[in-house]
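Asks: Reminder that position 275 of the sequence shown reads as 299 in my numbering, one-by-one numbering, no gaps.
Using N, Cα and C, we set each Cβ at its ideal position, and we do this for glycine too.
Note that this is a predicted model, so its numbers are computed, not measured.
Before I ask anything, here is the structure I am working with.
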Amino acid sequence: MRRLATCRRRVLQGVAGACALAVCCVAAAAEQSATASPEAELRAGKNFIPTPVYSQEEDEKLLKLFEGLRVADVCDGMDKAGLQNIGLVSADIGPLWRDTEKFTHRIVGIAVTARYVPTNKPPIGRKETAEFNQAVGQWYRELSPEPFVALLRKGSVLVIEDAVGADVGSIGSNNILAWKLRGCVGVVTNATARDTDEIITQRVPLYYKQPGRGIRPGRNQIESVNRPVVVGGALVVPGDVVVADGDGVIVVPRQHAEEVAQYARQILEGDKAGRRRLYEKLGMPPDASVE
């Protein structure tokens, strides 16, 4: 019996020792990870601009301050806030269509961003129909999907930095409607879109550079979602306010948005009042722009 008890003690001691060794190994690994060299961290890739997160209630409260404001008003507000020429998207990015009666082509919303890059993978090539369709579907699922859709909500503006020169229609008449269904109020891209006749008919606000005819497979890949992007020379951070109309697109950094909107509102109201008086003197009936 004594020999059996001794054996049991030795076994238990061995188990305890093994457990202690395992704990030490985990602790050492954690310490090593925590003290990883800056070079190793950089080699693994590192983002230096954080993505802020806001609630829908915060977004809605801010958007009320920008209701009805024009790009020109917001541009003046940016000047007042000391941000002259900041956030101005290149003038070659403009509206696909315009509504000069109700101004439904205008956008005021909160940025959700996505970045597509040119692919470095070989094209799918010529295949039988079933095999080609399968390859196209696989590319859409694995290389060039739309993971940003889950982030779209009421008041979102989808801002896409795409592969300029790829002649790719990442935006089309079908998916732009699906984005609208999620609450997206408009889309801004530095590049292209296809199905433009249908998008005009559907009246979904789109600001883009030029038509792009091809599908995404064989042309681009998704690189990131809700990270800072550059569109038309302007930095867009997720959560920024995006305003777009016939004058183009302007991006307001979130931290300055309230100050910008307050001054922009004064500019708009002053402009409307002055033009209403001129309308009366000229005998012109009032329209939506002076109401």
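1) Give me the Cα-Cα distance between Phe72 and Pro262, rounded to the nearest whole angstrom.
2) Note down the Cα distance separating Glu283 from Gly270, rounded to an integer number of angstroms.
3) Cα separation between Asn157 and Ala174?
4) Mind reading off the beta-carbon distance from Ala215 to Lys233? Whole number of angstroms is fine, and I expect it under 8 Å.
5) What are the start and end residues of the beta strand (DSSP E) that includes Asp14?
6) Taking the alpha-carbon of Leu230 as reference, which of Val132, Arg240, Glu63 and Arg278 has the nearest alpha-carbon?
7) Look at Ile291 and Asp97 and say whether their C-beta atoms are less than 8 Å apart.
8) Where Glu247 and Val260 are concerned, what is the direct C-alpha to C-alpha distance, given to the nearest angstrom?
9) Could you tell me the alpha carbon to alpha carbon distance between Asp123 and Phe90, rounded to whole angstroms?
10) The beta strand (DSSP E) that contains Ala138, what's its start and end?
11) Given a cut-off of 8 Å, decide if Gln245 and Leu167 are closer than it, judged by their beta-carbon atoms.
12) Can you tell me whether Ala285 is buried or exposed? The criterion is at least 16 other CB atoms within 10 Å of its CB, across all chains shown.
13) Any idea if Ser79 is buried or exposed, counting beta-carbon neighbours within 10 angstroms, 16 or more meaning buried?
14) Under 8 Å, do Ile117 and Gly242 count as touching if we go by C-beta distance?
15) Where DSSP assigns a beta bridge to Tyr287, which residues make up the other side?
16) From Ala105 to Pro147, what distance separates their C-alpha atoms?
17) Roughly how many angstroms separate the alpha carbons of Lys126 and Gly236, rounded to a whole number?
18) Can Arg300 be considered in contact with the ligand GDP, in the sense that its beta carbon sits closer than 7 Å to one or more heavy atoms?
19) Helix, strand or coil for Gln108 per DSSP?
20) In whole angstroms, what separates the C-alpha of Ala138 from that of Arg165?
21) With distances taken Cα to Cα, identify the nearest neighbour of Asp208 among Gln162, Ser180, Phe172 and Asp264.
22) With a floor of 4 residues, list each alpha helix (DSSP H) that falls wholly inside the segment 153 to 183, ordered by position along the chain.
Replies: Taking the definition as stated:
1) Rounded to the nearest whole angstrom, the C-alpha separation of Phe72 and Pro262 is 14 Å.
2) Cα to Cα, the separation comes out at about 23 Å.
3) Here the alpha carbon of Asn157 sits roughly 25 Å from the alpha carbon of Ala174.
4) At roughly 6 Å, the Cβ-Cβ gap stays under 8 Å, so Ala215 and Lys233 are in contact.
5) Only positions 25 to 315 of the chain appear in the structure, and residue 14 is not among them; the question remains open.
6) The residue with the shortest Cα to Cα distance from Leu230 is Val132.
7) For Ile291 and Asp97, yes; Cβs fall inside 8 Å.
8) Those two C-alpha atoms are separated by around 16 Å.
9) Whole-angstrom Cα-Cα distance: 19 Å.
10) Looking at the DSSP string, the run of the beta strand (DSSP E) that includes Ala138 is Ile131 to Pro142.
11) Yes; because the gap between Cβ atoms is below 8 Å, this pair is in contact.
12) That one is buried.
13) That one is exposed.
14) No, these two residues do not count as a Cβ contact at 8 Å.
15) DSSP lists no partner for Tyr287.
16) One C-alpha to the other measures close to 48 Å.
17) Cα to Cα, Lys126 sits roughly 28 Å from Gly236.
18) No copy of the ligand GDP appears in this structure; indeed no ligand is present at all.
19) Coil, per DSSP.
20) Taking the straight line joining both Cα atoms gives about 16 Å.
21) Here residue 208 is Cys; the residue named in the question, Asp, does not match the sequence. When C-alpha distances from Cys208 are compared across Gln162, Ser180, Phe172 and Asp264, the shortest belongs to Ser180.
22) Runs of the alpha helix (DSSP H) inside the segment 153 to 183: 153 to 166.
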